[in-house]
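Residue numbers (my numbering), protein chains in the order written: chain V, 1 to 303; chain W, 1 to 140. We put the CB at the ideal spot given by N, CA and C, even for glycine.
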């Protein structure tokens with residue numbers, strides 16, 4: 001493929017522009033469902049767009065105790081990770097024969113970048129509350145990565161491949177092991193998205209915004225945009241790994257799975273209270289990992 | 001009306017700053033954010049950090065000690081920012097204006113855009129004030 005082609009894929013479709021638009025729409029769905037759960041009217045369709053765009057028309061304050069270079073680079077690193085991951089996942093769905101052996105592992109690493117960016121940004125801002133938020137994000141990252149990778153091992157074993165395209169044409173969720181693994185992965189993306197019950201890096205009540213407390217203006221807008229994109233990219237990743245959306249006649253199933261996943265994430269965040277960091281780590285390394293191992297054992301046993 | 005003003009007024013992040021208030025205005029501010037009034041319809045949400053604020057809600061009679069903090073918080077907020085004095089104490093000092101620790105009303109420390117009198121003001125009064133401020137910002 002030519003370089004302009006790659007650039008268009010990364011920046012327009014299925015990369016930055018498309019996944020940002022999809023993320024903004026899904027974030028509206030998320031807020032509207034939340035509003036209906038609380039018996040409210042909810043925000044208008046374009047509200048998530050205004051919320052992100054607003055940061056770009058405001059002043060950017062850089063705290064005097066901050067490291068400006070890292071303070072500015074961190075959100076860009078996160079955005080780059082989300083953009084590249086969305087391009088690779090979207091590309092493998094459009095044409096499952098494309099991609100290379102091991103691109104799944106690259107995507108798993110790319111999806112860590114946004115969390116890493118939050119940690120970097122938090123520590124570079126020089127605010128003690130942000131450092132607390134950053135260290136919580138780091139512990140949370142260590143906690144949910146183990147069950148997340150274990151859960152992804154189920155579709156990998158099922159498809160017998162570590163290529164995104166091969167996973168995208170295999171339906172893993174039709175097996176008992178696939179259902180269990182998808183549930184584990186759903187809980188893990190709740191942590192990756194930083195939503196309740198795992199919103200402790202941002203803990204509004206005790207850390208007043210936590211990791212991103214010092215961010216304002218354009219860098220804050222980029223963080224918000226990345227978070228919004230992840231609301232589309234992470235469920236899409238699970239759909240492509242578990243639901244076989246690129247298989248013959250699988251597009252509709254994939255779309256239904258995507259909407260179901262986003263609505264589940266929203267309902268979990270509306271009905272659960274926040275966990276403490278020790279509870280969250282115990283939860284991920286204990287029950288969630290055990291269920292992931294059980295799913296793996298079922299898969300190995302041919303279920 | 002510029003694009004920037006339109007975007008800004010469609011998505012106001014409120015930051016609630018309580019300076020030695022008796023807590024009644026604080027409770028009414030929280031009331032205004034409950035599902036009954038549903039301010040998210042108009043894009044108004046509460047934020048925890050002043051760095052992300054577009055609307056400062058000041059409650060209470062700011063005294064010698066808290067006025068210093070008020071100035072600092074105002075300078076930490078990224079501009080443009082709308083400042084609303086909520087309640088009679090923030091507007092004028094009210095019954096505390098002859099207190100030993102009271103110096104001046106809020107608007108002598110920082111510029112205030114809108115005054116919402118009342119002890120405490122009703123959520124409807126706050127919403128009316130914010131609507132008027134948005135209309136003024138848009139040049140209506």
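Distance, residue 195 of chain V Cα to residue 283 of chain V Cα: 15 Å
What are the start and end residues of each continuous alpha helix (DSSP H) run of 4 or more residues lying completely inside the stretch 146-206 of chain V, in chain order? 164-168, 176-192
Just tell me which of W:51, W:69, W:95, W:68 has its CA closest to the CA of residue 77 of chain W. W:51
With a threshold of 8 Å, are at least 3 pairs of Cβ atoms found where one atom belongs to the stretch 81-96 of chain V and the other to the stretch 191-209 of chain V? no
Who are the neighbours of residue 38 of chain V on chain W, taking C-beta pairs under 8 Å? 35
Please list, in chain order, all residues of the same chain as residue 164 of chain V whose beta carbon is under 6 Å from its beta carbon, the five residues on each side excluded. 92, 99, 103, 104
Quick one: is residue 231 of chain V buried, meaning 16 or more other Cβ sit within 10 Å of its Cβ, or exposed? buried
Note down, in chain order, every chain W residue with its Cβ under 9 Å from the Cβ of residue 78 of chain V. Chain W residues near residue 78 of chain V: none, gap ~17 Å exceeds 9 Å.
Step through the CB atoms of chain W and report whether any lies within less than 8 Å of the CB of residue 109 of chain V. no
Taking only three categories from DSSP, how would you classify residue 16 of chain W? strand
For the stretch 193-226 of chain V, enumerate the residues whose C-beta is nearer than 9 Å to any C-beta of chain W, in chain order. 202, 203, 204, 205, 207, 208, 209, 210, 212, 213, 214, 215, 216, 217, 220
Please go through the stretch 225-254 of chain V and give each complete beta strand (DSSP E) segment of 3 or more residues, from N-terminal end onward. none
Got a sec: which bits of the stretch 50-66 of chain V sit with their beta carbon under 9 Å from any beta carbon on chain W, in order along the chain? 50, 51, 52, 53, 54, 55, 56, 57, 58, 59, 60, 61, 63
Are the beta-carbon atoms belonging to residue 24 of chain V and residue 226 of chain V less than 8 Å from one another? no
Does any C-beta atom of chain W lie closer than 8 Å to the C-beta of residue 68 of chain V? no
Quick check: is the beta carbon of residue 4 of chain W nearer than 8 Å to any beta carbon in chain V? yes
For residue 122 of chain V, which of V:292, V:150, V:219 has the nearest alpha-carbon? V:219
Three-state secondary structure assigned by DSSP to residue 293 of chain V: helix
Alpha carbon of residue 96 of chain W to alpha carbon of residue 260 of chain V, nearest angstrom: 55 Å
If you follow the beta strand (DSSP E) that residue 116 of chain W is part of, which residue opens it and which one closes it? 114-116
Within chain B, the residues that residue 241 of chain V reaches when beta carbons sit closer than 7 Å: This model lacks chain B altogether, as its protein chains are V and W.
Examine chain V for any beta-carbon lying closer than 8 Å to the beta-carbon of residue 132 of chain W, and answer yes or no. no
For residue 35 of chain V, go through chain W and note every residue whose CB falls closer than 9 Å to its CB, in chain order. 35, 38, 40, 41
Please return the same chain residues whose Cβ sits closer than 8 Å to the Cβ of residue 95 of chain V, not counting the five positions on each side in sequence. 165
The beta strand (DSSP E) spanning residue 59 of chain W covers which residue range? 55-59
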